[in-house]
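Asks:
Numbering (this note's numbering), first residue to last: 459 to 670.
Printed below as a string of structure tokens:
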């Protein structure tokens, strides 16, 4: 069971015309998004961003600049709504240029999952006979804290996915929370959105394999 989540989805222009982020900001303002702005130092010089807070929960954000947009949400389903909205505006502004633009899509997804004996999950993947080889360096009773997996090729236009799992430890108590951090890289927005949509099913299968 997913207790809470955070989705950070970035659509960044790597090659092609810059985004008219003033128009993008106006489109969100028409939908009652609250506006603030900031200047971010970058190697290319100062980058102006509009931080637009959605009106429903007054919590989640769409951040837009000439380089693209970022969605930052505390709910997977609402994140999908905001990403869909952002792409609708983005494609309406860029129009015929969309097919010629090269983008870098990056997702950072943090999910807290409720499981029994979360601290025992890494031990089901990393076997004790491997850990015993470290005894001479770190002493005895060594236990794994986390586990990582990856899939894909770390170069455009391929998808590359890294999954890190670790228990949320509580002093002197058994943990019932497992933190799953997923880093996603790709260039295809449809695949990236499909991946987010499938996260709950993926988490369910992952927990079943590691906990059962």
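No residue lacks a Cβ here, since even glycine has one placed at the ideal position from N, Cα and C.
1) So which of 633, 642 and 581 has the shortest CA-CA distance to residue 611?
2) What number of angstroms, rounded off, separates the C-alpha of residue 586 from the C-alpha of residue 635?
3) Check each candidate in 516, 476, 479 and 475 and name the one with the smallest Cα separation from residue 492.
4) Is residue 559 helix, strand or coil by DSSP?
5) In terms of alpha-carbon separation, which member of 563, 621 and 573 lies closest to residue 613?
6) For residue 591 and residue 547, I'd like the C-alpha separation in whole angstroms.
7) Taking the runs of the alpha helix (DSSP H) that are 4 residues or longer, which of them lie wholly in the region 592-660?
8) Pair every Cβ in the region 566-574 with every Cβ in the region 652-668, then say whether three or more of these pairs are closer than 8 angstroms.
9) If you reduce the DSSP assignment to three classes, tell me which class residue 511 lands in.
10) Counting only runs of 4+ residues fully inside the region 529-576, write out the alpha helix (DSSP H) ranges in chain order.
Replies: This is what the structure holds:
1) Nearest C-alpha to residue 611 among 633, 642 and 581: 642.
2) Taking the straight line from one Cα to the other gives about 23 angstroms.
3) If we check each option's Cα against that of residue 492, 516 comes out closest.
4) Correct three-state label for residue 559: coil.
5) Sorting 563, 621 and 573 by C-alpha distance to the C-alpha of residue 613 places 563 at the top.
6) Rounded to the nearest whole angstrom, the C-alpha separation of residue 591 and residue 547 is 56 angstroms.
7) Taking 4 residues as the minimum length, the alpha helix (DSSP H) runs contained wholly in the region 592-660 are 593-596 and 647-655, in order along the chain.
8) The region 566-574 vs the region 652-668: in contact.
9) Of the three classes helix, strand and coil, the one that applies to residue 511 here is strand, per DSSP.
10) Runs of the alpha helix (DSSP H) spanning 4 or more residues and lying entirely within the region 529-576 occur at 534-552, in chain order.
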